[in-house]
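K.L.:
Take this structure, written in structure tokens, and hold onto it; I'll ask about it next.
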Amino acid sequence: MFETSTAAQRAPYSPMLSIRRGLVLFLLLMAGALAILALPGPAHAAAGCDEQQLTRPFLPWLDVAWYTPVPDAWTLDDGAATTAGGGPLSPDSALSLPAGSSATTESMCVSLAHPTLRFFARNTGSPTSALAVSVIFRDLLGIRRELPVGVVGAGDSWAPTPVLPVVANLVSDDVAFSFTPLDARGEWTIDDVYVDPYKKG
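Using this note's numbering, the letters of the sequence shown map in sequence onto residues 1206 to 1406.
Take a look at the structure:
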């Protein structure tokens, strides 16, 4: 049975109680504001890493997270190559990934357990083709391992991929990312690969 009360049963108005409630609300709002101000800005670095320049490259696509670019050096295997015509952020060049190829970033520092990864992709081949993304890291024993991060699809126009969580337990300055087409039907090109080392995305 629901309990009800009448106006005569309610406690009388207490100015002190109202002041206390207002003070609690004010403190909660201040705590929230301080938490927002504590978010990393463009000159911060992940704990344990050298300073990393952070930007918001995906802000036009309503992603407000701060990202750092992967190193501008790649290992290209089995036909992967630089090609003219890049994504919207750097239109001069991109990486072409034909069937059977792979492209791997240079190692970078990521010192939190679960950063996120995002990049631009285009697939002018079969719309059902997919691109696999893996993280390469050293475990606590120093053994180099590769772990799948996710699979993405893309259309024939440049667009940002979904945010991919990196689910390995990473506490390492030796983390790389690998990109491999899963079939021969796609014509993949990728560009502007970014990592959010704070796991805010």
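Even glycine gets a Cβ: it sits at the ideal position worked out from N, Cα and C.
Return the residue from the list Leu1294, Phe1325 and Phe1342 that minimises the CA-CA distance to methionine 1313.
P.N.:
On the sequence shown, residue 1313 is found 108 positions in, with the first residue counted as 1. Looking at the Cα atoms, Phe1342 is the closest of the given residues.
K.L.:
Taking the C-alpha atoms as reference points, what is the distance between glycine 1330 and glutamate 1392?
P.N.:
As a first step, residue 1330 must be located in the sequence shown, where it is residue number 125. As a first step, residue 1392 must be located in the sequence shown, where it is residue number 187. So the two alpha carbons sit approximately 5 Å from each other.
K.L.:
Out of curiosity, what's the CA-to-CA distance linking proline 1262 and alanine 1389?
P.N.:
Taking the first residue of the sequence shown as 1, we reach residue 1262 at position 57. Taking the first residue of the sequence shown as 1, we reach residue 1389 at position 184. Spanning the two alpha carbons is a distance of roughly 31 Å.
K.L.:
Ends of the beta strand (DSSP E) at arginine 1390?
P.N.:
Your numbering for residue 1390 matches position 185 in the sequence shown. Here arginine 1390 belongs to no beta strand (DSSP E), and DSSP marks it neither H nor E.
K.L.:
Can you say whether valine 1398 is buried or exposed, counting buried as having 16 or more other CB atoms within 10 angstroms of its CB?
P.N.:
As a working note, residue 1398 is residue 193 in the sequence shown. Buried.
K.L.:
Any idea what DSSP makes of tryptophan 1266, helix, strand or coil?
P.N.:
Translated into positions along the sequence shown, residue 1266 becomes position 61. Helix.
K.L.:
Measuring only the C-alpha atoms, how far is aspartate 1396 from isoleucine 1348?
P.N.:
The sequence position of residue 1396 within the sequence shown is 191, counting from 1. The sequence position of residue 1348 within the sequence shown is 143, counting from 1. If you take the alpha carbons of aspartate 1396 and isoleucine 1348, they lie about 29 Å apart.
K.L.:
Taking C-alpha atoms, which residue in Pro1332, Gln1258 and Leu1336 lies nearest to proline 1276?
P.N.:
On the sequence shown, position 71 is the one that residue 1276 refers to. Ranking the options by Cα distance to proline 1276, first place goes to Gln1258.
K.L.:
For alanine 1364, which option in Asp1401, Asn1328 and Thr1309 has the closest C-alpha, if you only look at C-alpha atoms?
P.N.:
Stepping through the sequence shown from its first residue, residue 1364 is reached at position 159. When each option's Cα is compared against that of alanine 1364, the closest is Asn1328.
K.L.:
Between Gly1360, Ala1299, Leu1369 and Asp1297, which lies nearest to leucine 1352 when the distance is taken from Cα to Cα?
P.N.:
Start at 1 with the first residue of the sequence shown, and residue 1352 comes out as number 147. If we check each option's Cα against that of leucine 1352, Leu1369 comes out closest.
K.L.:
Using the C-alpha atoms, what's the distance from proline 1296 back to serine 1383?
P.N.:
Position 178 of the sequence shown, counting from 1, holds the residue named residue 1383. Position 91 of the sequence shown, counting from 1, holds the residue named residue 1296. If I take the Cα positions, the gap works out to 22 Å.
K.L.:
Using the C-alpha atoms, what's the distance from glycine 1291 back to valine 1400?
P.N.:
For the purposes of this step, residue 1400 is identified with residue 195 of the sequence shown, where counting begins at 1. For the purposes of this step, residue 1291 is identified with residue 86 of the sequence shown, where counting begins at 1. Looking at the two C-alpha atoms, the distance is approximately 19 Å.
K.L.:
Would aspartate 1268 be called buried (16 or more neighbouring beta carbons within 10 Å of its own) or exposed?
P.N.:
The residue given as residue 1268 occupies position 63 in the sequence shown. Buried.
K.L.:
Under DSSP, the beta strand (DSSP E) around valine 1371 begins and ends at which residues?
P.N.:
As a working mapping, residue 1371 is identified with position 166 in the sequence shown. Neither: valine 1371 is in no beta strand (DSSP E) and is coded neither H nor E.
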